[in-house]
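>
2 protein chains.
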Amino acid sequence: MKKLINDVETVLAEGLDGFAAAHADIVLLGAERQFVRRRNTRPGKVALISGGGSGHEPLHAGFVGHGMLDAACPGQVFTSPTPDQMLAAAQSVENGAGVLFLVKNYSGDMMNFQMAAEMLDQENATVIVNDDVAVENSTYTTGRRGVAGTLIVEKIVGAAAERGDGLAALKALGDSVNKATASMGVALTSCTVPAAGKPTFQIGIDEMELGVGIHGEPGRKRVKLTSADDIAAELTGAILRDLSLKPGQEVLLLVNGFGGTPLLELYVMVHAARKVLQGAGVRVARHLTGSYVTSLEMAGCSITVSAVDAGGLALWDAPVHTAALRWGM
Amino acid sequence: MKKLINDVETVLAEGLDGFAAAHADIVLLGAERQFVRRRNTRPGKVALISGGGSGHEPLHAGFVGHGMLDAACPGQVFTSPTPDQMLAAAQSVENGAGVLFLVKNYSGDMMNFQMAAEMLDQENATVIVNDDVAVENSTYTTGRRGVAGTLIVEKIVGAAAERGDGLAALKALGDSVNKATASMGVALTSCTVPAAGKPTFQIGIDEMELGVGIHGEPGRKRVKLTSADDIAAELTGAILRDLSLKPGQEVLLLVNGFGGTPLLELYVMVHAARKVLQGAGVRVARHLTGSYVTSLEMAGCSITVSAVDAGGLALWDAPVHTAALRWGM
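Protein sequences, first through last, are from chains A and B.
Its first residue numbered 1, the first sequence is counted upward by one per residue in the numbering used here.
Its first residue numbered 1001, the second sequence is counted upward by one per residue in the numbering used here.
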């Protein structure tokens, strides 16, 4: 295992300390590193809280700040945070307008966020993100997995919270964005969880895993590596079948690297995915390209398509100031 | 070779087409993909042009836009662009106030930018970036290599050009920022150039290359992989010896991933580098952390330290709107 770390026991703590120091203008680290929160919150604003296993950076802590999350709870690598973390985060950032939890659909996260929601002495609601069209049920999931589409839910709901929308409206918006968003990924290599010390899965030098999960969970099929165009056709095709978009529909296109794939290749995939979308008569209104929802150093990428109307587009374009996404301010 | 590409012959063209489509609000692609330029330029502003081999994305095309470059010329992977590309870029973006070329110190780039400068029928000057303290002379270089510090030169000089500074002042500022900036990197793995089809160099499973170049050039020594703290001490120590900073000096700290290293590890390195800098009495005024000057999918990182005064800090903080760096707008 080749990693820039001191010790597998301290990698998360040191990574969080480095993150908090580098972004001290935006975030504060909670006691015992239970959560990362915004430095400044606003009375009367619904608090948005997400979290999950670490190893997917910049998700979620990199999306804490104006226009997105109020707090994020980092679990150990690929391990759910605890209900105590979520409760502490909620108590730290709630501002009298309730708490909305944004949860990726993994059994551990679902159970722990539900416990936190029950323990919390504040009005609260939960949006479950399950954008991965690859498979129903998976290693850590009942139903569909939550993957890179989470970023889009966090951005759009975050902007609506910032303008002052109430808890019920934000919950409805989050559910609606999740429903309009679909993703599918491909892995060319495995990643290695520091505490495990060896690759999560084995894959041949000429193979790829189509429909892989962001923890290296099996996808739809293990096949020979093909061209970027073929891969984009497979991923984007599955997404389009799921979303049933009408010609002329405007979408956001997120081409997301898993951590070990060069940006040059991600832009080749953008080019390839655009051809498929154009062929379906779908118009890409906005792009986001980069490694935002990662699986440590896994090589591969996911494609996410999210149908948007003018209102959603305005929320996507609204100012955001986080470690990993920033525009308009 | 496992890559998300269609063909090694078309990877650059398709990557550029994807990039230009994804960032069409900011950039235009020149004829025959000779250069990436800003969509909008301003009469009377000095034109800043950089470029170099591809495979280091987002450098340089990702830094084209308001507050940074006017144009960037992409060569084939790890290969200098041609003088014709640079000349075409200069003719496209010059606005009556001259052209400043920002060139990383590699023999091919130096020769080709010099030829372009001689062919150009406009007032022009060149800033040579050579921030890598690892070695004197290298595989493709006489003197020191230009590496991730290039981003800092492009940002600070770009902001000064935006406020209206003239060619001579920008040339002097660029030289001064380059002199105040030092970098050193470490590789844990090699990368694979698509056209070569095999790793650039071989490295043992327990080894690292200290002082590696951004094309996989040999560094100072090949040693056993050690801890993040030890690596940060070695890299940052060499940088501090080069810069001879006084206690109390303010600096920018760039921890730059080479493409295959997870963000979590980069923040562990931020934490480690800060301890070394604090021990030397140096104050980190601003951080930038991420994979900005890459070597395709190489695992590893570089540390860059740049001494800044209040004027430099204001230029660093000035608004920028490019594909890869964006703040204040």
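A virtual CB, placed ideally from N, CA and C, is assigned to each residue, including glycine.
For a contact meaning CB atoms closer than 8 Å, what does B:N1006 contact in chain A?
For the purposes of this step, residue 1006 of chain B is taken as residue 6 along the second sequence, with counting starting at 1. Neighbours of B:N1006 on chain A, chain order: S227, A228, D229, V268, A272.
> For the beta strand (DSSP E) containing B:A1182, list its first residue and its last residue.
The residue given as residue 1182 of chain B occupies position 182 in the second sequence. Unbroken beta strand (DSSP E) run through B:A1182: 1181-1187.
> If you follow the alpha helix (DSSP H) that B:T1126 is in, where does it begin and where does it stop?
Locating residue 1126 of chain B in the second sequence gives position 126, where the first residue counts as 1. Premise fails: B:T1126 lies in the beta strand (DSSP E), 1124-1129, not in any alpha helix (DSSP H).
> Whose Cβ in chain A lies nearer than 9 Å to the Cβ of B:V1011?
Sequence index remark: in the second sequence, residue 1011 of chain B carries index 11 (1-based). Under the 9 Å cutoff, chain A gives A228, L264, E265, V268.
> If we ignore side chains and look at the alpha-carbon of each, how far apart do B:R1037 and B:R1163 end up?
As a first step, residue 1037 of chain B is located in the second sequence; it is residue number 37 there, counting from the start. As a first step, residue 1163 of chain B is located in the second sequence; it is residue number 163 there, counting from the start. Roughly 19 Å separates the two Cα atoms.
> For the segment 1122-1177 of chain B, list the beta strand (DSSP E) runs that are entirely contained and at least 3 residues long, ordered along the chain.
Counting only runs of 3 or more, we get 1124-1129.
> Name the chain B residues that come within less than 8 Å of A:R326, Cβ to Cβ?
The count along the first sequence starts at 1 and reaches residue 326 of chain A at position 326. Ordered by position in chain B, the residues that pass the 8 Å Cβ test against A:R326 are R1326, W1327.
> Assuming A:S368 and A:D109 form a contact by the criterion Cβ under 8 Å, report the distance between their Cβ atoms to the nearest whole angstrom.
With chain A running from 1 to 329 in the structure shown, residue 368 of chain A is simply not present.
> Taking C-alpha atoms, which residue in A:T126, A:G67, A:V77, A:G55 lies nearest to A:M86?
Here the question's residue 86 of chain A lines up with position 86 in the first sequence. Checked all of A:T126, A:G67, A:V77, A:G55; the closest Cα to A:M86 is A:T126.
> I need the DSSP call for A:A24, collapsed to helix, strand or coil.
Numbered from 1 along the first sequence, position 24 holds the residue referred to as residue 24 of chain A. If DSSP states are grouped into helix, strand and coil, A:A24 belongs with coil.
> Report yes or no: is there a C-beta of chain B within less than 7 Å of the C-beta of A:F19?
The residue given as residue 19 of chain A occupies position 19 in the first sequence. Chain B contact via Cβ: present.
> Would you say B:E1154 reaches chain A, if we count a Cβ-Cβ gap shorter than 7 Å as a contact?
Your numbering for residue 1154 of chain B matches position 154 in the second sequence. Not closer than 7 Å to any Cβ of chain A, the Cβ of B:E1154 fails to qualify, so no.
> Taking 6 Å as the limit between beta carbons, can you name the residues of its chain near A:T304, skipping five residues before and five after?
If you number the first sequence from 1, residue 304 of chain A lands on position 304. Here the set comprises A148, G149, S183, L254.
> Buried or exposed for A:K275, please, with buried defined as at least 16 other CB atoms from any protein chain shown within 10 angstroms of its CB.
As a first step, residue 275 of chain A is located in the first sequence; it is residue number 275 there, counting from the start. Exposed is the call here.
> Would you list the one or two residues that DSSP bridges to A:L252?
As a first step, residue 252 of chain A is located in the first sequence; it is residue number 252 there, counting from the start. A:L252 is bridged to A:R286, A:S306.
> Tell me, please, which residues DSSP counts as bridged to A:R326.
Residue 326 of chain A sits at position 326 when you count from the first residue of the first sequence. A:R326 pairs with A:H321.
> Under 7 Å between the Cβ atoms of A:A228 and B:I1005?
Along the first sequence, read from residue 1 onward, the residue named residue 228 of chain A stands at position 228. Along the second sequence, read from residue 1 onward, the residue named residue 1005 of chain B stands at position 5. Yes, these two residues count as a Cβ contact at 7 Å.
> What are the boundary residues of the beta strand (DSSP E) that includes B:G1259?
As a position in the second sequence, residue 1259 of chain B is number 259, starting the count at 1. Here B:G1259 belongs to no beta strand (DSSP E), and DSSP marks it neither H nor E.
> Could you confirm whether any beta carbon from chain B is found closer than 7 Å to the beta carbon of A:T289?
As a working mapping, residue 289 of chain A is identified with position 289 in the first sequence. For A:T289, the answer is yes, since a Cβ of chain B falls inside 7 Å of its Cβ.
> Return the residues of the segment 1290-1316 of chain B that lie within a Cβ-Cβ distance of less than 7 Å from chain A, sorted by chain order.
Correct list: T1294, L1296, E1297, A1299, C1301.
> Could you say which of A:V186, A:I203, A:V129, A:K221 lies nearest to A:V177 if we only look at CA atoms?
The sequence position of residue 177 of chain A within the first sequence is 177, counting from 1. Checking every option, the nearest Cα to that of A:V177 belongs to A:V129.
> What first and last residue would you give for the beta strand (DSSP E) that runs through A:V36?
To locate residue 36 of chain A, count along the first sequence from 1; it is residue 36. A:V36 -> beta strand (DSSP E) spans 36-38.
> In whole angstroms, what is the alpha-carbon distance linking B:S1302 and B:V1251?
Here residue 1302 of chain B corresponds to residue number 302 of the second sequence, with the count starting at 1. Here residue 1251 of chain B corresponds to residue number 251 of the second sequence, with the count starting at 1. Whole-angstrom Cα-Cα distance: 16 Å.
> Have a look at A:L315, A:H287, A:G62, A:K45 and flag the residue whose alpha-carbon is nearest the alpha-carbon of A:L29.
Translated into the one-based positions of the first sequence, residue 29 of chain A becomes position 29. Per the Cα distances, A:G62.
> Kindly identify the DSSP beta-bridge partner or partners of A:C73.
Counting from 1 along the first sequence, the entry for residue 73 of chain A is found at position 73. A:C73 is bridged to A:G51.
> I'd like to confirm the pairing. Which residues does DSSP put opposite A:H66 in its beta bridges?
To locate residue 66 of chain A, count along the first sequence from 1; it is residue 66. A:H321.
> Taking B:S1054 as the reference, which of B:H1321, B:A1299, B:E1014 has the closest Cα?
Within the second sequence, numbered from 1, the residue matching residue 1054 of chain B stands at position 54. Nearest of B:H1321, B:A1299, B:E1014 to B:S1054, Cα basis: B:E1014.
> Quick check: what's the CA-CA separation for A:K198 versus B:T1200?
Here residue 198 of chain A is taken as the residue at index 198 of the first sequence, counted from 1. Here residue 1200 of chain B is taken as the residue at index 200 of the second sequence, counted from 1. Roughly 24 Å between the two C-alpha positions.
> Say whether the segment 286-296 of chain A touches the segment 256-273 of chain A, bearing in mind that this needs 3 or more beta-carbon pairs closer than 8 Å, one atom from each stretch.
Touching, per the Cβ criterion.
> Distance, Cα to Cα, B:E1123 vs B:A1090?
Looking up residue 1123 of chain B in the second sequence gives position 123. Looking up residue 1090 of chain B in the second sequence gives position 90. Straight-line Cα distance between these residues: approximately 11 Å.
> Does the beta-carbon distance from B:A1307 to B:L1245 come in below 7 Å?
Against the second sequence, residue 1307 of chain B aligns to sequence position 307. Against the second sequence, residue 1245 of chain B aligns to sequence position 245. Going by C-beta atoms, B:A1307 is nearer than 7 Å to B:L1245.
> Examine the Cβ distances between the segment 262-272 of chain A and the segment 315-328 of chain A and report whether three or more of them are shorter than 8 Å.
Touching, no.
> Between the beta-carbon of A:S138 and the beta-carbon of A:G213, is there less than 7 Å?
The sequence position of residue 138 of chain A within the first sequence is 138, counting from 1. The sequence position of residue 213 of chain A within the first sequence is 213, counting from 1. Taking 7 Å as the Cβ cut-off, A:S138 and A:G213 qualify as a contacting pair.
> Any C-beta of chain A sitting closer than 7 Å to the C-beta of B:E1057?
Position 57 of the second sequence, counted from the first residue, corresponds to residue 1057 of chain B. Output row for B:E1057: interface = yes.
> Less than 7 Å between the beta carbons of A:L355 and A:R33, yes or no?
Residue 355 of chain A is absent from the model: chain A starts at 1 and stops at 329.
> Between the alpha carbons of A:R241 and A:T181, how many angstroms are there, rounded?
Numbered from 1 along the first sequence, position 241 holds the residue referred to as residue 241 of chain A. Numbered from 1 along the first sequence, position 181 holds the residue referred to as residue 181 of chain A. Their Cα atoms are separated by approximately 12 Å.
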